[in-house]
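Enquirer: Sharing a structure here in structure tokens format.
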Amino acid sequence: MTNIFINNYRAKSRTPQVVDLQDVDDDFLFGQLSALGPAENPEQHFFAKVFDDDVKRAVEELPEDFRLVVVLSFLEGFSYQEIAEIAGLQIGTVKSRLHRGRKLLQKALWDYAVKNGFIKEAAK
Amino acid sequence: MTCQEALRLLYEVIDKEANQIDSEKVREHLENCRDCMKRYEFEAMFKTFVTEKAISPTKTEQLKFKILAHLEEGEPESGGFFTNFFKNKNLIFAAAAILVLFLVSALSISQLYRHRTYVYPFEKHHLEGNPISIMENSNSLPLPQIRDYLASNLHLALSDSIAGYQMLHGGYDDIIGHKYVHLRYRNGSARVSLFFGRSADTVLPNFQKAVFAGTEYYRHVCGDCQIIYWKHGDSIAMAISEDKTVDLPAFIASVRPI
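Protein chains in written order, with our numbering: chain A, 1 to 124; chain B, 125 to 382.
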């Protein structure tokens with residue numbers, strides 16, 4: 001599985017991707033869930049509602065650059081240093097991509113939960 | 125340490141990448157700052173959540189394994205023969221036993237193969253030259269492609285909504301060399317998976333024949349899941365749900381030929 005990601009990554013790494021992250025705050029999901037009010041544990045509720053398939057899909061649909069580091073870190077359990085070597089990146093780049101990858105994933109899962117009515121987008 | 129500094133190092137602490145001095149400072153800050161602590165707990169939970177959900181086989185995958193395991197359990201009991209004969213250490217019978225065993229296992233392998241062919245019936249050539257391109261490393265296909273494929277090959281029209289269930293996503297799968305197209309539907313927390321593949325003229329053991337709204341089908345309930353399959357022209361369609369309360373016969377009755 002790792003090899004597939006690495007191969008895909010190498011094949012696509014020549015075309016730089018433009019991802020608009022302007023509108024994704026650092027604490028996007030946390031902020032949204034907190035805004036739902038003091039009702040007990042909106043996070044727990046959110047995590048309980050989202051299906052395995054949806055998480056897998058959200059990971060698959062991450063832009064390639066971010067998906068690679070997220071998969072290597074979250075699913076394969078590699079360290080930043082190992083990811084840097086596998087992907088041929090600077091450690092700083094691994095950190096920032098992992099950071100942004102997390103944000104994008106949280107945004108995607110939030111949008112998914114809202115779209116499917118698990119969560120009513122209350123506070124805006 | 126300020127909140128800003130603590131939050132900057134948050135992911136490194138969660139990923140166990142921060143050096144000892146930094147992680148101690150962050151932990152110290154977290155103990156004294158409720159807001160940062162909540163944020164830390166959330167981000168740590170998020171990581172665990174994604175890891176567990178994305179790594180675990182999906183419910184449908186688990187079901188597939190269950191079905192396979194089930195089919196394997198349903199074989200003739202050649203294992204019993206084997207152990208009994210060898211426990212007796214009766215050499216005169218041993219030769220006969222081996223001969224019997226050979227025949228039984230040959231039979232059971234062919235049986236098993238037929239069962240598997242039935243459940244996972246799509247062969248590669250069945251898809252080649254069809255509107256669906258065979259995608260490597262991915263089993264996800266755009267829904268319009270699957271619809272086109274089912275319409276032109278199986279003369280089936282599938283709508284986005286069947287008996288209250290919404291079409292989620294679909295794909296093309298390869299399990300132990302057998303190919304099939306699948307579609308997943310969801311209604312609240314209840315899920316139904318549909319599989320379409322090439323038919324073999326076999327009847328699976330432990331399936332009961334029944335008729336609902338003019339559709340003849342075979343149904344089996346194993347543990348906490350139910351499976352229904354039915355012939356569709358020279359193809360086979362199968363519906364699986366992990367929820368016993370789902371009315372599968374009504375669901376499949378709504379899967380209509382064009």
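All C-beta atoms in this analysis are idealised placements derived from N, C-alpha and C, irrespective of residue type, glycine included.
Note that the structure is a prediction, hence the values are computed from the model and not measured.
Which chain A residues are close to Lys171 (chain B), counting only those with a beta carbon under 7 Å from its beta carbon?
Expert: Here the neighbours are Phe74.
Enquirer: Have a look at Ser283 (chain B) and Glu340 (chain B) and give me their C-alpha separation to the nearest angstrom.
Expert: Going by the C-alpha atoms only, they are around 21 Å apart.
Enquirer: Buried or exposed for Val305 (chain B), please, with buried defined as at least 16 other CB atoms from any protein chain shown within 10 angstroms of its CB.
Expert: Looking at its Cβ environment, which holds 16 or more other Cβ atoms inside 10 Å, Val305 (chain B) is buried.
Enquirer: Which first and last residues belong to the beta strand (DSSP E) in which Val335 (chain B) is found?
Expert: Taken as a continuous stretch (DSSP letters only), the beta strand (DSSP E) holding Val335 (chain B) covers 332 to 336.
Enquirer: Alpha carbon to alpha carbon, how far is Tyr164 (chain B) from Leu154 (chain B)?
Expert: Each residue's alpha carbon lies about 8 Å from the other.
Enquirer: With DSSP as the reference, label Phe51 (chain A) as helix, strand or coil.
Expert: It is coil, neither helix nor strand.
Enquirer: Name the chain A residues whose beta carbon is nearer than 9 Å to that of Arg158 (chain B)?
Expert: The contacting residues do not exist; Arg158 (chain B) stays about 12 Å from chain A at best.
Enquirer: Around the C-beta of Ala113 (chain A), are 16 or more other C-beta atoms found within 10 angstroms, so that it is buried, or is it exposed?
Expert: Flag for Ala113 (chain A) reads buried.
Enquirer: Please report the straight-line C-alpha distance between Lys171 (chain B) and Arg151 (chain B), rounded to a whole angstrom.
Expert: One C-alpha to the other measures close to 18 Å.
Enquirer: Is Arg177 (chain B) close to chain A, meaning its C-beta is less than 8 Å from at least one C-beta of that chain?
Expert: The amino acid occupying residue 177 (chain B) in the given sequence is Lys; Arg does not appear at that position. Yes, Lys177 (chain B) lies at the interface with chain A (some Cβ there is under 8 Å from its Cβ).
Enquirer: At the 8 Å Cβ level, is Ser96 (chain A) part of the contact set with chain B, yes or no?
Expert: No, its Cβ sits nowhere closer than 8 Å to a Cβ of chain B.
Enquirer: Would you give the residue range spanned by the beta strand (DSSP E) that Ser359 (chain B) belongs to?
Expert: Run containing Ser359 (chain B): 359 to 365, per the beta strand (DSSP E) assignment.
Enquirer: Taking CB distances under 8 Å as the criterion, tell me whether Asp272 (chain B) reaches chain A.
Expert: Not an interface residue.
Enquirer: Apart from the five residues on each side of it in sequence, which residues of its chain come closer than 7 Å, Cβ to Cβ, to Leu278 (chain B)?
Expert: The residues are Phe320, His356, Gly357, Ser359.
Enquirer: If we count the other Cβ atoms within 10 Å of its Cβ and call it buried at 16 or more, is Lys140 (chain B) buried or exposed?
Expert: By the 10 Å Cβ count, Lys140 (chain B) comes out exposed.
Enquirer: Taking only runs of the alpha helix (DSSP H) that begin and end inside the stretch 85 to 118 of chain A, which ones reach a length of at least 4 residues, in chain order?
Expert: Listed in chain order, they are 91 to 115.
Enquirer: Output yes if chain A places a C-beta closer than 8 Å to the C-beta of Asp139 (chain B); else output no.
Expert: Yes, its Cβ sits closer than 8 Å to a Cβ of chain A.
Enquirer: Using a Cβ-Cβ cut-off of 7 Å (strictly less than) and excluding sequence neighbours within five positions of Phe331 (chain B), which residues of its own chain qualify?
Expert: Hits under 7 Å: Tyr342, Arg343, His344.
Enquirer: Just the chain B side, please: which residues come within less than 9 Å of Tyr80 (chain A) by C-beta, in chain order?
Expert: Going along chain B in sequence order, the residues near Tyr80 (chain A) (Cβ under 9 Å) are Glu136, Asp139, Glu141.
Enquirer: Out of B:Pro266, B:Val174, B:Val379, B:Phe336, which has the shortest C-alpha to C-alpha gap to Ala281 (chain B)?
Expert: The shortest Cα separation from Ala281 (chain B) among B:Pro266, B:Val174, B:Val379, B:Phe336 belongs to B:Val379.
Enquirer: Just checking my contact of Val69 (chain A) with Ala87 (chain A) at CB under 8 Å: how many whole Å lie between their CB atoms?
Expert: With a Cβ gap of about 7 Å, Val69 (chain A) and Ala87 (chain A) count as contacting.
Enquirer: What does the alpha-carbon distance come out to for the pair Lys56 (chain A) and Pro266 (chain B)?
Expert: So the alpha carbons of these two residues sit roughly 16 Å apart.
Enquirer: Just verifying my parser: in three-state terms, what is the DSSP assignment at Val345 (chain B)?
Expert: Note: Val345 (chain B) maps to strand in three-state DSSP.
Enquirer: Given a threshold of 16 other Cβ atoms within 10 Å of its Cβ, counted over all protein chains shown, does Ser276 (chain B) qualify as buried or as exposed?
Expert: Result: exposed.
Enquirer: Under 8 Å, Cβ to Cβ, is there at least one residue of chain A near Phe336 (chain B)?
Expert: So no, Phe336 (chain B) is outside the interface.
Enquirer: What is the rounded straight-line gap between the Cα of Leu131 (chain B) and the Cα of Cys160 (chain B)?
Expert: Near 7 Å, if we compare the C-alpha coordinates of Cys160 (chain B) and Leu131 (chain B).
Enquirer: Checking contacts by CB at 8 Å: is Arg163 (chain B) closer than that to chain A?
Expert: Chain A contact via Cβ: present.
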